[in-house]
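What follows is one structure encoded as structure tokens, with my remarks underneath.
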Amino acid sequence: MLLLVTPYVCKTWAKLSMDWTLWKNVEYLQIKSMVVTTNEVKTLLRTIPKLKKLELVLRNDAEELLEELFHTSDHLEMLRLDRCSRSEEHTNIPPKTIQSILESCPKLKSVILADTYFHSREFYRCLAERFRTFERINISCTTKSEMDFFVDRLKSHVSSVEFQNVSMMGKAEGKQIYWGPILGLVIRPNPTSPYHRQHANSQFPSYAF
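Under numbering that gives the first Met the number 0, the first residue of the sequence shown is numbered 0, with each subsequent residue one higher.
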């Protein structure tokens, strides 16, 4: 855990903390802002082949880091991007890059994309196809057409989709679904499910419908 905070003490500590031999057994990695350079993070991702949880916050190199992650992501279970952008010049992450998150991470169960902009129908197609394997989804930047597309695709892959009186709420496969202009797309376990009880006090955000 110390390795996650020592880079912010001073430049010397930041350099020492990036000794790759120290990171062999890390499960959860959080990298904030640009204190750690792009190349350092890419090398770090190569050093932790069994990384399960990755959080990137306020990064303007998300495209490069995600492309590196695709080559070492066999064990990744949770990915969070918080206010990340493609590069210094471009905000939106390319469609192919964001789609590859789902295609290249076979064990991925939770995806949180908070204020991280992208537009990709293929991402929502893959999300609908892999719906059963996911436990949590939180995507804050979506459009109505993307949500309509996702719901239509979901109906063709999941037989137990039910909709409440409010058109933007539903449930399927033991999960609650909400989509709309406030939270974007949120998928989470039903409050009565064993997974929800197990993770009720976890690091994942929760929402009341």
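Note that the Cβ used here is the ideal one computed from N, Cα and C, for glycine as well.
If you're wondering where the values come from, they're calculated on a predicted model, not measured in any experiment.
With which residues is residue i paired in a DSSP beta bridge?
| i | result |
| --- | --- |
| residue 117 | 92 |
| residue 34 | Bridge partners of residue 34: none, in fact. |
| residue 134 | Partner(s): none; residue 134 has no beta bridge. |
Where do the N-terminal and C-terminal ends of the beta strand (DSSP E) with residue i fall, by residue?
| i | result |
| --- | --- |
| residue 80 | 77–81 |
| residue 68 | Segment 61–68 is the alpha helix (DSSP H) holding residue 68; no beta strand (DSSP E) there. |
| residue 189 | Element bounds for residue 189: n/a, residue is neither H nor E. |
| residue 179 | 174–179 |
| residue 170 | 168–171 |
Just the Cα atoms here: how many angstroms apart are residue i and residue j?
| i | j | result |
| --- | --- | --- |
| residue 65 | residue 94 | 12 Å |
| residue 214 | residue 35 | One cannot answer for residue 214 here, as it falls past the ends of the chain, which runs 0 to 208. |
| residue 204 | residue 141 | Model confidence at residue 204 stands at a pLDDT of 35, short of 50, so the residue's coordinates are unreliable; what they give is reported in the following sentence. Going from the Cα of residue 204 to the Cα of residue 141 covers about 18 Å. |
| residue 37 | residue 43 | 10 Å |
| residue 78 | residue 187 | 15 Å |
| residue 189 | residue 161 | 13 Å |
| residue 157 | residue 126 | 12 Å |
| residue 72 | residue 178 | 28 Å |
| residue 159 | residue 169 | 10 Å |
| residue 193 | residue 88 | Its pLDDT being 48, under 50, residue 193 is placed unreliably in this model, and the value from its coordinates should be taken loosely. If you take the alpha carbons of residue 193 and residue 88, they lie about 44 Å apart. |
| residue 76 | residue 83 | 19 Å |
| residue 81 | residue 45 | 22 Å |
| residue 151 | residue 184 | 14 Å |
| residue 26 | residue 55 | 14 Å |
Smallest Cα separation from residue i: which of the options?
| i | options | result |
| --- | --- | --- |
| residue 108 | 117, 137, 32 and 88 | 137 |
| residue 133 | 40, 111, 115 and 144 | 111 |
| residue 220 | 57, 44, 52 and 129 | Lying outside 0 to 208, the shown extent of the chain, residue 220 is not represented and no answer is given. |
| residue 115 | 70, 167, 96 and 51 | 96 |
| residue 106 | 62, 50 and 59 | 50 |
| residue 135 | 81, 175, 167 and 128 | 175 |
| residue 155 | 59, 128 and 25 | 128 |
By the DSSP assignment, the alpha helix (DSSP H) with residue i in it spans what residues?
| i | result |
| --- | --- |
| residue 25 | Per DSSP, residue 25 belongs to no alpha helix (DSSP H) and is neither H nor E. |
| residue 44 | 37–46 |
| residue 56 | No alpha helix (DSSP H) contains residue 56, which is instead part of the beta strand (DSSP E) from 52–56. |
| residue 152 | 143–156 |
Do the CB positions of residue i and residue j come within less than 8 Å of each other?
| i | j | result |
| --- | --- | --- |
| residue 91 | residue 117 | yes |
| residue 47 | residue 40 | no |
| residue 131 | residue 172 | yes |
| residue 61 | residue 85 | yes |
| residue 148 | residue 99 | no |
For residue i, decide whether its Cβ has a neighbour in chain C, counting only Cβ atoms nearer than 8 Å.
| i | result |
| --- | --- |
| residue 145 | Among the chains in the structure shown there is no chain C, since it carries only a single protein chain. |
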